[in-house]
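> Have a look at this one.
Residue numbers (the numbering used here): 831 to 992.
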């Protein structure tokens, strides 16, 4: 059950799906929930939910890459880039869970790590053809989007149970 700590409830609208509980202590308000959490009208995913979402989307991109391999070279190239981006981001997030977690390296540093991975894709690309550039474009744009999505999660204090 994801658990989020909010320093103050002033001006914060909370809605959770599934079972949820809200408690307060000296450090603020703790919200635990089993479904989805919506703060001020925007869905906020826990680090665990982000990882599960990215893994599922990566699998979908892999299936799309397989489906288009022989019929749509451009679609195949794009799906390969998206798949590679999700795989990279999941590996970076897994390393955070396994080695650092919320007690160590801040999740915002993982956002920066994903942005560094994006830059590395460009630097290591070398001389590629048009389809290779399309794959790189898909990977880098997806990594930038994932970093932005994770930045929302990183802006909150999570009690990660992994």
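For every residue, glycine included, the Cβ atom is placed at its ideal position computed from N, Cα and C.
Is the beta carbon of residue 864 closer than 8 angstroms to that of residue 831?
Taking the first residue of the chain shown as 1, we reach residue 831 at position 1. Taking the first residue of the chain shown as 1, we reach residue 864 at position 34. Yes, they are a contact pair.
> Secondary structure at residue 845, three-state DSSP: helix, strand or coil?
Counting from one through the chain shown, the residue named residue 845 turns up at place 15. It is a strand residue.
> Whole angstroms is fine: what's the gap from residue 944's alpha carbon to residue 956's?
Taking the chain shown and counting its residues from 1, one reaches residue 944 at position 114. Taking the chain shown and counting its residues from 1, one reaches residue 956 at position 126. Approximately 20 angstroms, taken between the alpha carbons.
> With a Cβ-Cβ cutoff of 8 angstroms, do residue 964 and residue 888 count as a contact?
The residue you call residue 964 lines up with position 134 of the chain shown. The residue you call residue 888 lines up with position 58 of the chain shown. Not a contact, by the Cβ cut-off of 8 angstroms.
> Check each candidate in 844, 856, 861, 985 and name the one with the smallest Cα separation from residue 870.
Against the chain shown, residue 870 aligns to sequence position 40. Ranking 844, 856, 861, 985 by Cα distance to residue 870 puts 844 first.
> Grab me the residues of residue 849's own chain with a C-beta within less than 6 angstroms of its C-beta, minus the 5 sequence neighbours each way, in chain order.
By 1-based counting over the chain shown, the position of residue 849 is 19. 864, listed in sequence order.
> Which of the three DSSP states is assigned to residue 894 in this structure?
Against the chain shown, residue 894 aligns to sequence position 64. Helix.
> List the whole-angstrom C-beta distance separating residue 835 from residue 857, where the pair is believed to meet the contact cut-off of C-beta under 8 angstroms.
Start at 1 with the first residue of the chain shown, and residue 835 comes out as number 5. Start at 1 with the first residue of the chain shown, and residue 857 comes out as number 27. Contact holds; Cβ gap of about 7 angstroms.
> According to the neighbour-count rule (16 or more other Cβ atoms, all chains shown, within 10 Å of its Cβ), is residue 840 buried or exposed?
Counting from 1 along the chain shown, the entry for residue 840 is found at position 10. Exposed, since its Cβ has fewer than 16 Cβ neighbours within 10 Å.
> What are the start and end residues of the alpha helix (DSSP H) that includes residue 916?
Against the chain shown, residue 916 aligns to sequence position 86. Counting along the chain, the alpha helix (DSSP H) containing residue 916 begins and ends at 903-925.
> Just reading off the alpha helix (DSSP H) that residue 943 is part of, what are its end residues?
Position 113 of the chain shown holds residue 943. 937-953 is the span of the alpha helix (DSSP H), which, as asked, contains residue 943.
> Touch check for the stretch 944-953 and the stretch 964-975: three-plus C-beta pairs under 8 angstroms?
The stretch 944-953 vs the stretch 964-975: in contact.
> If you check the beta carbons only, do residue 969 and residue 891 fall under 8 angstroms apart?
If you number the chain shown from 1, residue 969 lands on position 139. If you number the chain shown from 1, residue 891 lands on position 61. Against a cut-off of 8 angstroms, the Cβ pair of residue 891 and residue 969 comes out as no contact.
> What residue from 937, 861, 924, 846 has the CA that sits closest to residue 838's CA?
Within the chain shown, residue 838 is the residue found at index 8, counting from 1. Here the closest residue by C-alpha is 861.
> Where does residue 866 fall in DSSP's three states?
Start at 1 with the first residue of the chain shown, and residue 866 comes out as number 36. Looking at residue 866 - three-state DSSP - the assignment turns out to be coil, as it is neither helix nor strand.
> Does DSSP classify residue 992 as helix, strand or coil?
Taking the first residue of the chain shown as position 1, residue 992 is located at position 162. Annotation note: pLDDT 45 at residue 992 (below 50); position unreliable, coordinate value reported separately. In this structure, residue 992 counts as coil in the three-state DSSP scheme.
> Consult DSSP for residue 872 and reduce its assignment to one of helix, strand or coil.
As a position in the chain shown, residue 872 is number 42, starting the count at 1. Residue 872 falls in the strand class under three-state DSSP.
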